[in-house]
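Below is one structure, written out as structure tokens, with a few remarks after it.
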Amino acid sequence: AKELVADIVVLNDSRNKNLLSRIIGDDRAHLLDVCDRTIFFCQLDNPSVSYDKVIVIAPPLSELEANFALWVERVIRLAQELTISIDLFASNATHERFEKVGLANKLDFNIHFQEIENVDDFFLYFDKKDHGIIVFCGARIGSVSYDLGTESFADKIEKACPNNDTIFIYPGMELDKMNENYNDISSTAINAGVETIQKIGREVGNIFKKSSSKKSK
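Quick note on this note's numbering: the sequence shown kicks off at 3 and runs consecutively.
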């Protein structure tokens, strides 16, 4: 079995061409079962210049997940690179930690916060005229922030916001037992997925990678 050393896996999960189905013949749930890294499922069908904001939805307690700072930093850098603001729909505790991640990494960003008690509250405030890219932080079964609402929310977003590009993030989680039958399949699918997203969505995909040159300044 091959070991994946990357902290984040970025995959093209376009509505027009389902990469996961083509490569491993299964859905997101399968990859979440066999990969313990933080995964970005990206549906990027529109040019990035069309985004007017980054809309972030995070469930309660997501700030307690071990990889919270990892994905938040990438999202802030995305907004910074595109010179657009962030609309955050989350709990007060998540908002506070979100801001601290930006400050700790010395990132300048504009954020508008709307408190929600659960992820479904997002639809009470969402304007379908918004052309923002929607970023949803999901949760794996067994994680602190997991509940049935977060499990079905990604499907609701796809149905309610068909014209918005989306990034569904599932923070990494230490898995005690991995199915050995899937290890080699997982590494092959992930490697192919990373190469594909670099070719298809390089302008956005590269933002999620750690830039040693920026940190050395």
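All residues carry an ideal CB built from backbone N, CA and C; glycine is no exception.
Quiz item: G134 to A95, Cα distance in whole Å?
Solution: 24 Å
Quiz item: Just curious, the beta strand (DSSP E) that K102 is in, first and last residue?
Solution: Element bounds for K102: not the beta strand (DSSP E) but the alpha helix (DSSP H), N94 to A106.
Self-check item: Three-state secondary structure assigned by DSSP to K161
Solution: helix
Quiz item: Roughly how many angstroms separate the alpha carbons of N48 and I88, rounded to a whole number?
Solution: Each residue's alpha carbon lies about 18 Å from the other.
Quiz item: Would DSSP call V146 helix, strand or coil?
Solution: Under the three-state reduction of DSSP output, V146 falls in the coil class, being neither helix nor strand.
Self-check item: Spatially closest choice to C139 from H32, A71, L33 and D129, by CA coordinates
Solution: Looking at the Cα atoms, A71 is the closest of the given residues.
Exercise. Look at N61 and A141 and say whether their C-beta atoms are less than 8 Å apart.
Key: The sequence shown places Pro at residue 61, not Asn. Yes, the pair counts as a contact, with Cβ atoms nearer than the cut-off.
Quiz item: Which term fits Y172, buried or exposed, when burial requires 16 or more other beta carbons within 10 angstroms of its beta carbon?
Solution: buried
Exercise. Return the residue from the list S145, R99, A162 and D122 that minimises the CA-CA distance to K130.
Key: A162
Quiz item: From this set, E176, L126 and I113, which residue's C-alpha is nearest R79's C-alpha?
Solution: I113
Self-check item: Range covered by the beta strand (DSSP E) that runs through V11
Solution: Under the DSSP assignment, V11 falls in the beta strand (DSSP E) whose first and last residues are I10 to N14.
Quiz item: So, is D167 buried or exposed, given that buried needs 16 or more other C-beta atoms within 10 angstroms?
Solution: buried
Practice problem: Run the CB neighbour count on A92, radius 10 Å, all protein chains shown included, and call it buried at 16 or more, exposed below. | Solution: buried
Practice problem: Determine the direct distance from the alpha carbon of D132 to that of L6, and round the result to whole angstroms. | Solution: A caution first: L6 carries a pLDDT of 49, below 50, which makes its placement in the model unreliable, though a value can still be read off. Taking the straight line joining both Cα atoms gives about 37 Å.
Practice problem: Indicate whether L289 and S50 have their beta-carbon atoms separated by less than 8 Å. | Solution: Nothing can be reported for residue 289, as the shown portion of the chain is limited to 3 through 219.
Exercise. Give the straight-line distance between the Cα atoms of D15 and F42, rounded to the nearest whole angstrom.
Key: 9 Å
Self-check item: Start-end ranges of the beta strand (DSSP E) lying completely within the region 28–73, minimum 3 residues
Solution: 40–45 and 55–59
Exercise. Report buried or exposed for Y127, applying the criterion of at least 16 other Cβ atoms within 10 angstroms of its Cβ.
Key: exposed
Quiz item: Which class does T152 belong to by DSSP, given the choice of helix, strand or coil?
Solution: helix
Self-check item: Integer-rounded CB distance, given that L66 should sit under 8 Å from V146
Solution: Between the beta-carbon of V146 and that of L66 there is about 5 Å, and that keeps the pair under the 8 Å contact cut.
Quiz prompt | First through last residue of the beta strand (DSSP E) which encompasses I86 | solution = Note, I86: premise wrong, no beta strand (DSSP E); not H, not E.
Practice problem: For L46, count neighbouring C-beta atoms within 10 Å of its own C-beta (all shown protein chains included) and say buried if the count is 16 or more, exposed if not. | Solution: buried
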